[in-house]
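Numbering (my numbering), first residue to last: 475 to 825.
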């Protein structure tokens, strides 16, 4: 299929597949069997993260295991997996606290970074152990790092209103930023209103095509993590902001290959994830001391929806979480607040 006939998500997936192949070419050859055996529902982006994690692991053992130094990384035999014990895995996790990568940059991993890398290693070893290709499984013997619950960072209702007001007015922007703002204010207002009013992911936002918008029923079609399509509804404020931008969008001539994109950059190309992250940072920095990212706008929507409905299953469905436990984990503290509020509402005696 001609690359020009692919939609944004399919193009991105193809690019990720090619990127994954490039990373696999740097890993031991036997690793390819593990990635071929991965579930088809695992996204190409997730597979890339696994591949990068494994490369860090093999770089570590190449440095710290005299047997491995006799080989190029790509030529390491599968038998090396059985030469690694529980203590080696524990020392590897300690190494992850602070190390230098191939570009001599210092890399720091907190408990969550270590946890993800150990999870990658467990999955990797499990594949070969289950298929009886190795006889030991040391990552399974190492407990996962204890994770401390992180507070949900979100904007308060007054901060949301202030943010949108500042986007429309261009408040607190530099002279240079104001020059750009005059050209992008309608787009930026529509984009931030959409993120705050629907809770969609930034990747779903930038991947939005004109034909994905159903103006009659106030809904959009998005491609969720995992590749499946979903329908997300929006309210009047989102409708009005997006409709205003649509009128402006009709007058823009996009660069070839970007004709379908709804949100365009100043170069008349589909806006990028990085560009959305930057514009959120630009506007939000004047509103809140919190570090606000597009994902925090998603958390803001999820929090507001849960406060309004108290229905964790509805929040999970609207946010596109396949597992409600993912949602419950993020909004557990709010659930406790609902319980407290319920308890306070019961009166045993008249005041």
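Just so you know, even glycine gets a beta-carbon here, dropped at the ideal spot from N, CA and C.
### Task
Might you give, ordered along the chain, the residues of its own chain that have their beta carbon closer than 6 Å to the beta carbon of residue 527, omitting 5 neighbours on each side?
Residue mapping note: residue 527 aligns to position 53 of the chain shown, counting from 1. Excluding sequence positions up to five before and after residue 527, its CB lies within less than 6 Å of the CB of 591, 594, all in the same chain and listed in chain order.
### Task
Could you please give the first and the last residue of the uninterrupted alpha helix (DSSP H) stretch that includes residue 528?
Working through the chain shown from its first residue, we reach residue 528 at position 54. Note, residue 528: alpha helix (DSSP H), 518-538.
### Task
Report the three-state DSSP secondary structure of residue 683 (helix, strand or coil).
Taking the chain shown and counting its residues from 1, the one referred to as residue 683 is at position 209. Residue 683 falls in the strand class under three-state DSSP.
#### Entry: Contiguous alpha helix (DSSP H) assignments of at least 4 residues, all confined to the region 619-702
631-643, 649-672, 676-680
### Query
What is the DSSP secondary structure of residue 704, counted as helix, strand or coil?
In the chain shown, the residue the question calls residue 704 occupies position 230. Note: residue 704 maps to strand in three-state DSSP.
### Selection from 640, 751, 709 that minimises the alpha carbon distance to residue 679
The sequence position of residue 679 within the chain shown is 205, counting from 1. Nearest of 640, 751, 709 to residue 679, Cα basis: 751.
### Task
Find the nearest neighbour of residue 740 within the set 688, 653, 520, judged by alpha-carbon distance.
The residue labelled residue 740 in the question sits at position 266 within the chain shown. The shortest Cα separation from residue 740 among 688, 653, 520 belongs to 653.
### Message
In whole angstroms, give me the CA-to-CA distance for residue 579 and residue 520.
### Response
Position 105 of the chain shown, counting from 1, holds the residue named residue 579. Position 46 of the chain shown, counting from 1, holds the residue named residue 520. So the alpha carbons of these two residues sit roughly 23 Å apart.
#### Entry: Integer Cβ distance of residue 642 from residue 663, believed to fall under 8 Å
What you label residue 642 is simply residue 168 of the chain shown in a count that begins at 1. What you label residue 663 is simply residue 189 of the chain shown in a count that begins at 1. That belief holds up - the Cβ atoms of residue 642 and residue 663 are roughly 6 Å apart, short of 8 Å.
### Message
To the nearest angstrom, how far is the alpha carbon of residue 647 from that of residue 604?
### Response
By 1-based counting over the chain shown, the position of residue 647 is 173. By 1-based counting over the chain shown, the position of residue 604 is 130. Residue 604 has its alpha-carbon roughly 57 Å from the corresponding atom of residue 647.
### Task
For residue 612, count neighbouring Cβ atoms within 10 angstroms of its own Cβ and tell me buried if that reaches 16, exposed if not.
On the chain shown, position 138 is the one that residue 612 refers to. Residue 612 should be labelled buried.
### Query
Are the region 665-676 and the region 695-712 touching by the rule of at least three beta carbon pairs closer than 8 Å?
yes
### DSSP beta-bridge partners of residue 757
The sequence position of residue 757 within the chain shown is 283, counting from 1. DSSP, once it has assigned bridges, lists no residue as partnering residue 757.
### Query
Between the region 619-635 and the region 766-774, do three or more beta carbon pairs fall short of 8 Å?
yes
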